[in-house]
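Q: The sequence shown stops at residue 387 when you use this note's numbering, and every number in between is there. Note that beta-carbon positions come from the ideal geometry of N, C-alpha and C, so glycine has one too. These figures come from a predicted structure and were not determined experimentally.
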Amino acid sequence: MTRIDDLPIRDELRGKSPYGAPQLDVPVRLNTNENPYPLPEPLVARIAERVAEAARGLNRYPDRDAVELRTELAKYLSRTAGHPVTAANVWAANGSNEVIQQLLQTFGGPGRTAIGFEPSYSMHGLISRGTGTGWLSGPRNEDFTIDVEAACAAIAEHRPDVVFVTSPNNPTGTAVEADTVLALFEAAQAAGPSMLIVDEAYGEFSHRPSLLPLIEGRPNLVVSRTMSKAFGAAGLRLGYFAADPAVVDAVQLVRLPYHLSSVTQATALAALEYTDTLLGYVEQLKTERDRLVTELRAIGCEVTESDANFVQFGRFDDAHAAWQRILDQGVLVRDNGVPGWLRVTAGTPEENDAFLDAVRELMKEQGA
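(1) Assess contact between the region 208-222 and the region 183-197, defined as three or more Cβ pairs (one per stretch) separated by less than 8 Å. Is contact present?
(2) In its own chain, which residues sit with a C-beta less than 6 Å from the C-beta of A207, not counting the 5 before and 5 after it?
(3) For my contact list, L288 and E91 are in at a C-beta cut-off of 8 Å; report their separation, rounded to the angstrom.
(4) With a CB to CB cut of under 8 Å and the five nearest residues on each side skipped, what residues in its chain are close to M142?
(5) One question on the structure: do R353 and R362 come within less than 7 Å of each other, judged by their Cβ atoms?
(6) Return yes when the Cβ of G258 is within less than 7 Å of the Cβ of A112, no when it is not.
(7) Let me know the beta strand (DSSP E) ranges lying completely inside the region 290-337, each 3 residues or longer, listed in chain order.
(8) Touch check for the region 137-157 and the region 26-44: three-plus C-beta pairs under 8 Å?
(9) If distances are taken between C-alpha atoms only, which option among A262, V241, E223, R308 comes closest to L298?
(10) Is Q124 buried or exposed, if buried means 16 or more other CB atoms sit within 10 Å of its CB?
(11) Which residue comes first and which comes last in the alpha helix (DSSP H) that contains D218?
(12) Roughly how many angstroms separate the alpha carbons of D25 and E31, rounded to a whole number?
(13) Which residue comes first and which comes last in the beta strand (DSSP E) that contains R362?
(14) With DSSP collapsed to three states, give me the class of G149.
(15) Here's the rule: buried if 16 or more other CB atoms are within 10 angstroms of the residue's CB, otherwise exposed. What is N50?
(16) Measure the Cβ-Cβ separation of G251 and Y56 and say whether it is below 7 Å.
(17) Pop quiz: A133 and P179 are said to be a contact at Cβ under 8 Å. What is the actual Cβ separation, rounded to whole angstroms?
(18) Is the distance from the Cβ of E307 to the Cβ of N371 below 7 Å?
(19) Rounded to whole angstroms, what's the CA-CA distance from L311 to I318? Just pull it up for me.
(20) Looking only at C-alpha atoms, which of L291, V357, Q385 sits nearest to R89?
(21) Starting from the C-beta of P103, find all residues in its chain whose C-beta is less than 7 Å away, skip the five residues before and the five after it, and write them out in chain order.
(22) Tell whether a beta-carbon distance below 7 Å holds between H177 and L201.
(23) Measure the C-alpha to C-alpha separation of P389 and L58 and round it to an integer number of angstroms.
(24) Between A40 and chain B, is there a C-beta pair that is closer than 7 Å?
(25) What whole-angstrom Cβ distance do V167 and T199 have, given they're in contact under 8 Å?
(26) Report back the beta-carbon spacing between G135 and G128 to the nearest angstrom; my notes put them in contact at under 8 Å.
(27) T21 by DSSP, collapsed to three states: which one?
(28) Mapping the DSSP letters down to three states, classify F136 as helix, strand or coil.
(29) Looking at R48: is its Cβ nearer than 7 Å to the Cβ of L351?
(30) Report the CB separation of P368 from A338 in whole angstroms; it is logged as a contact under 8 Å.
(31) Between the C-alpha atoms of F204 and P158, what's the straight-line distance to the nearest angstrom?
(32) Looking at the unbroken beta strand (DSSP E) that takes in F183, where does it start and where does it end?
(33) Ignore the nearest five residues each way along the sequence and tell me which others in Y95's own chain have a CB closer than 7 Å to its CB.
(34) How big is the Cα-Cα spacing for A285 and L77?
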């Protein structure tokens with residue numbers, strides 16, 4: 020039987036595993052940071068209207084540059100993220116992963132390198148390797164914050180072409196201060212110059228303001244977002260970034276023609292009409308997230324401060340065994356491979372109660 024390694028794949032892909040979390044049929048699934056609330060029925064109806072309208076023109080290619088969608092995304096960012104932008108500042112693609120891929124195709128690639136500060140979003144490294152970009156792992160402190168001095172030293176030493184900063188960070192939930200981003204940016208420009216990409220996939224859940232205003236006067240700084248989390252639209256696959264217009268022009272050199280379908284654009288535009296309703300769900304999830312932090316600590320767990328829609332908790336002598344024991348009680352959380360820690364997504368109050376009961380049972384068994 021032919022194996023992957025029997026094929027003439029690129030050397031940097033040999034021995035690697037694809038990204039993914041277990042998709043198991045259990046009563047409570049809190050492992051993939053999805054928004055647990057289905058889209059409201061009026062929005063579902065509006066999506067149907069928009070898609071029906073788009074379907075009448077499916078014999079034609081979609082708007083290649085997604086101008087209407089980028090205009091509405093710019094309005095959303097201007098209203099909610101503390102900095103005015105226009106369609107010229109915004110680019111959209113099929114999920115924030117394609118946004119990252121296009122940025123790496125443009126500014127990374129063979130002979131170039133990218134650095135991230137791990138543990139962090141593992142797709143940054145995977146997409147780097149997929150685009151032929153060398154990957155470097157930068158340092159974090161014991162509390163999972165970025166060690167600024169060590170990070171700046173690593174940038175100065177390795178002179179990466181792309182620097183990733185994830186805020187709030189996945190899987191730890193920790194947000195990054197603007198001063199930290201600016202220090203890393205200045206180090207990157209002194210060593211490069213290079214691009215600094217701030218991944219704000221969970222930005223709407225943060226107690227802190229968006230880092231979007233930092234793009235002003237900094238053409239080498241990009242802020243990436245997604246509609247998967249705050250908009251409850253993980254199945255839509257719509258990500259976007261904001262940056263200097265020159266960055267938007269640059270990624271169009273590598274984007275596939277007509278990469279965003281007419282149906283995707285229509286659905287995203289419908290969702291943006293219901294921004295206030297969907298952000299109301301975000302506020303509910305932030306309350307539940309904070310409740311999880313409080314109750315996990317009361318149970319006896321150590322918890323990382325979280326600005327996202329998930330919580331990292333521990334510490335366990337055997338994290339995978341703890342994950343399995345929680346799963347045995349019908350609750351699926353994420354074993355991210357961070358030694359001693361697990362991650363749980365904030366769900367509905369009922370889902371969170373089931374999770375907390377499972378952890379209480381686990382801690383009781385462990386004599387905590």
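A: The relevant details are as follows:
(1) Touching, yes.
(2) Position 188 of the sequence shown, counted from the start, is the residue given in the question as residue 207. Apart from sequence neighbours up to five positions away, the residues of its chain that approach A207 with a beta-carbon distance below 6 Å are I174, V182, S213, L215, ordered along the chain.
(3) Position 269 of the sequence shown, counted from the first residue, corresponds to residue 288. Position 72 of the sequence shown, counted from the first residue, corresponds to residue 91. About 6 Å separates the beta carbon of L288 from that of E91, a gap short enough to meet the 8 Å contact definition.
(4) The residue given as residue 142 occupies position 123 in the sequence shown. Cβ neighbours of M142 within its own chain (closer than 8 Å, five residues either side excluded): Y38, N116, I119.
(5) Residue mapping note: residue 353 aligns to position 334 of the sequence shown, counting from 1. Residue mapping note: residue 362 aligns to position 343 of the sequence shown, counting from 1. The answer is yes: Cβ separation under 7 Å.
(6) Locating residue 112 in the sequence shown gives position 93, counting from the first residue. Locating residue 258 in the sequence shown gives position 239, counting from the first residue. A112 is a Cβ neighbour of G258, given a cutoff of 7 Å.
(7) Listed in chain order, they are 329-333.
(8) Output reads yes: the region 26-44 touches the region 137-157.
(9) Start at 1 with the first residue of the sequence shown, and residue 298 comes out as number 279. Among A262, V241, E223, R308, the Cα nearest to that of L298 belongs to E223.
(10) Within the sequence shown, the letter at position 105 stands for residue 124. Around the C-beta of Q124, 16 or more other C-beta atoms lie within 10 Å, and the residue is accordingly described as buried.
(11) Reading the sequence shown from its first residue, position 199 is the one you call residue 218. Per DSSP, D218 belongs to no alpha helix (DSSP H); it is in the beta strand (DSSP E), 214-218.
(12) To locate residue 25, count along the sequence shown from 1; it is residue 6. To locate residue 31, count along the sequence shown from 1; it is residue 12. Their Cα atoms are separated by approximately 14 Å.
(13) In the sequence shown, counting from the first residue as 1, residue 362 sits at position 343. First-last of the beta strand (DSSP E) with R362: 360-364.
(14) Locating residue 149 in the sequence shown gives position 130, counting from the first residue. Under the three-state reduction of DSSP, G149 is assigned to helix.
(15) Against the sequence shown, residue 50 aligns to sequence position 31. N50 is classed as buried because its beta carbon has at least 16 other beta carbons within 10 Å across all chains shown.
(16) Taking the sequence shown and counting its residues from 1, one reaches residue 251 at position 232. Taking the sequence shown and counting its residues from 1, one reaches residue 56 at position 37. In this structure, G251 lies near Y56, with their beta-carbon atoms less than 7 Å apart.
(17) Here residue 133 refers to the residue found at position 114 of the sequence shown. Here residue 179 refers to the residue found at position 160 of the sequence shown. About 6 Å separates the two Cβ atoms, so the contact holds.
(18) Counting from one through the sequence shown, the residue named residue 307 turns up at place 288. Counting from one through the sequence shown, the residue named residue 371 turns up at place 352. Between E307 and N371, the C-beta spacing is below 7 Å.
(19) Counted from its first residue, the sequence shown places residue 311 at position 292. Counted from its first residue, the sequence shown places residue 318 at position 299. If you take the alpha carbons of L311 and I318, they lie about 10 Å apart.
(20) By one-based count along the sequence shown, residue 89 stands at place 70. Cα-wise, what sits closest to R89 is L291.
(21) The residue you call residue 103 lines up with position 84 of the sequence shown. The answer, listed in chain order, is S97.
(22) Working through the sequence shown from its first residue, we reach residue 177 at position 158. Working through the sequence shown from its first residue, we reach residue 201 at position 182. Their beta carbons are not under 7 Å apart, which means H177 does not touch L201 by this criterion.
(23) The question about residue 389 has no answer, for the chain in this structure spans 20 to 387.
(24) Going by chain labels, chain B is absent from the structure shown, which holds only one protein chain.
(25) To locate residue 167, count along the sequence shown from 1; it is residue 148. To locate residue 199, count along the sequence shown from 1; it is residue 180. Right, their Cβ atoms sit about 5 Å apart.
(26) On the sequence shown, residue 135 is found 116 positions in, with the first residue counted as 1. On the sequence shown, residue 128 is found 109 positions in, with the first residue counted as 1. So it is not a contact: roughly 17 Å between Cβ atoms.
(27) Start at 1 with the first residue of the sequence shown, and residue 21 comes out as number 2. Collapsing the DSSP output to three states places T21 in coil.
(28) What you label residue 136 is simply residue 117 of the sequence shown in a count that begins at 1. Under the three-state reduction of DSSP output, F136 falls in the strand class.
(29) Mapped onto the sequence shown, residue 48 falls at position 29. Mapped onto the sequence shown, residue 351 falls at position 332. Going by C-beta atoms, R48 is nearer than 7 Å to L351.
(30) Here residue 368 corresponds to residue number 349 of the sequence shown, with the count starting at 1. Here residue 338 corresponds to residue number 319 of the sequence shown, with the count starting at 1. Between the beta-carbon of P368 and that of A338 there is about 26 Å, and that puts the pair past the 8 Å contact cut.
(31) Here residue 204 is taken as the residue at index 185 of the sequence shown, counted from 1. Here residue 158 is taken as the residue at index 139 of the sequence shown, counted from 1. Here the C-alpha atom of F204 lies approximately 16 Å from the C-alpha atom of P158.
(32) Walking along the sequence shown from the start, residue 183 turns up at place 164. Residues 181-185.
(33) Walking along the sequence shown from the start, residue 95 turns up at place 76. Around Y95: L291, T294.
(34) Here residue 285 corresponds to residue number 266 of the sequence shown, with the count starting at 1. Here residue 77 corresponds to residue number 58 of the sequence shown, with the count starting at 1. Rounded to the nearest angstrom, the two C-alpha atoms are 12 Å apart.
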